[in-house]
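By the count of the working numbering, the sequence shown reaches residue 1239 at its end, each step adding exactly one.
For every residue, glycine included, the Cβ atom is placed at its ideal position computed from N, Cα and C.
One structure below.
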Amino acid sequence: MATAAAVQRWLRIAEGLLSPYENGDEAPPELTEWALARIRQLSAHEVGHTIGLGHNYYNSTAGRISVMDYPHPLVTLRRDGSFDHSEVYDVGMGEWDKVTIAYGYQDFPPGTDEATALQAIIDDAWDEDIFYLSNQDTDVHPRVDAWANGTDAAAELNRMMEIRRVALARFGETAIKRNMPLATIEEVLVPLYMHHRYQVTAAASVLGGQYYIYAMRGDGREPLRPVPASEQQAALFALLPLPMQRR
């Protein structure tokens, strides 16, 4: 569960991105909201473990489908150059969590063909791109990542680099409160400077990656296919320093 040190880490991420202390003595409510949103998500995550749920790191087209993911704070750039963090962390159970609970804990009426009913739960989820891939899949599957958002790792890395660029451009003493030692600014700078680090890992997993599922014999689904060359090339260009991209 959350510790004081963990809460401080989440606050440092927010302070670095937002530089919220213009005068130095503000108490920005968004920082508290940011930390509480993460605590709520983490609490739901740990409850999920107690009832048997494992980590689900699959990046679904249906969005953030599970509290059992490790979520990276979602911050987007508005047209006016400000940051939108209204959906920084998800709220409530994800669609995969509902599927898992229905499959594992459902009480069916007498006379129900349970095997058929359970298969229907899984099939309906598949139709919505809602399924399970976990820790062991993060280095190979291009849409299985911890601390990442979105389904296109290359595009998300490019987007996050722009967030990082904008935040670093205005970073300064407004990232810490008045009367704090200036040396403590490094505690806020480091998470901002490394804002993209997990997305780099996500983009790298596209290179030589494989799309696959936990296939069952006779399920009629495609068990494995390589990542298309176009996606690999996009990931490579996102990972390369800008001068190398221009060669």
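message: Among the candidates Ser1126, Leu1003, Ile1155, whose CA atom is the shortest distance from the CA of Arg1071?
response: What you label residue 1071 is simply residue 79 of the sequence shown in a count that begins at 1. Closest option to Arg1071, Cα to Cα, is Ile1155.
query: Are Ala1027 and Trp1002 close, meaning C-beta to C-beta below 8 Å?
result: The residue given as residue 1027 occupies position 35 in the sequence shown. The residue given as residue 1002 occupies position 10 in the sequence shown. Cβ atoms of Ala1027 and Trp1002: closer than 8 Å.
task: Please report the Cβ distance between Pro1220 and Ala1207, rounded to the nearest whole angstrom; I am assuming they are in contact, meaning their Cβ atoms lie under 8 Å.
output: Within the sequence shown, residue 1220 is the residue found at index 228, counting from 1. Within the sequence shown, residue 1207 is the residue found at index 215, counting from 1. Contact flag wrong, Cβ pair sits at about 20 Å.
- request: Counting only the same chain and skipping the five closest in sequence on each side, list residues whose C-beta sits under 8 Å from that of His1188.
  value: Taking the first residue of the sequence shown as position 1, residue 1188 is located at position 196. Within the same chain, His1188 has close Cβ partners Leu1149, Met1152, Met1153, Arg1156.
- prompt: Going straight from the alpha carbon of Trp1139 to that of Pro1063, what length do you get?
  reply: Sequence index remark: in the sequence shown, residue 1139 carries index 147 (1-based). Sequence index remark: in the sequence shown, residue 1063 carries index 71 (1-based). Answer to the nearest angstrom: the Cα atoms are 5 Å apart.
query: What number of angstroms, rounded off, separates the C-alpha of Ser1197 from the C-alpha of Gly1142?
result: Looking up residue 1197 in the sequence shown gives position 205. Looking up residue 1142 in the sequence shown gives position 150. Roughly 14 Å between the two C-alpha positions.
- request: With DSSP collapsed to three states, give me the class of Tyr1049.
  value: For the purposes of this step, residue 1049 is taken as residue 57 along the sequence shown, with counting starting at 1. In this structure, Tyr1049 counts as coil in the three-state DSSP scheme.
Spatial neighbours of Ala1029 in its chain, beta-carbon cut-off 7 Å, leaving aside the 5 residues before and after: As a working mapping, residue 1029 is identified with position 37 in the sequence shown. Only Val1080, Tyr1081 meet the Cβ criterion.
- request: Sort Arg1056, Ala1159, Gly1103, Ala1054 by Cα distance to Leu1069 and report the nearest one.
  value: Here the question's residue 1069 lines up with position 77 in the sequence shown. Nearest C-alpha to Leu1069 among Arg1056, Ala1159, Gly1103, Ala1054: Ala1159.
Beta-carbon proximity list for Arg1217, same chain, < 6 Å, skipping 5 on both sides: Position 225 of the sequence shown, counted from the start, is the residue given in the question as residue 1217. For Arg1217, where only same-chain residues beyond five positions count, the Cβ hits under 6 Å are Tyr1203.
- request: Tell me whether Ser1074 is buried or exposed, calling it buried when 16 or more other Cβ atoms sit within 10 Å of its Cβ.
  value: Looking up residue 1074 in the sequence shown gives position 82. Ser1074 comes out exposed.
field: Residue environment, Val1083, which counts as buried when at least 16 other CB atoms sit within 10 Å
entry: Your numbering for residue 1083 matches position 91 in the sequence shown. Exposed.
- prompt: How about Thr1166 and Ser1011: do their beta carbons lie closer than 8 Å?
  reply: Translated into positions along the sequence shown, residue 1166 becomes position 174. Translated into positions along the sequence shown, residue 1011 becomes position 19. Yes; because the gap between Cβ atoms is below 8 Å, this pair is in contact.
query: In terms of residue numbering, what span does the alpha helix (DSSP H) encompassing Tyr1206 cover?
result: As a position in the sequence shown, residue 1206 is number 214, starting the count at 1. Per DSSP, Tyr1206 belongs to no alpha helix (DSSP H) and is neither H nor E.
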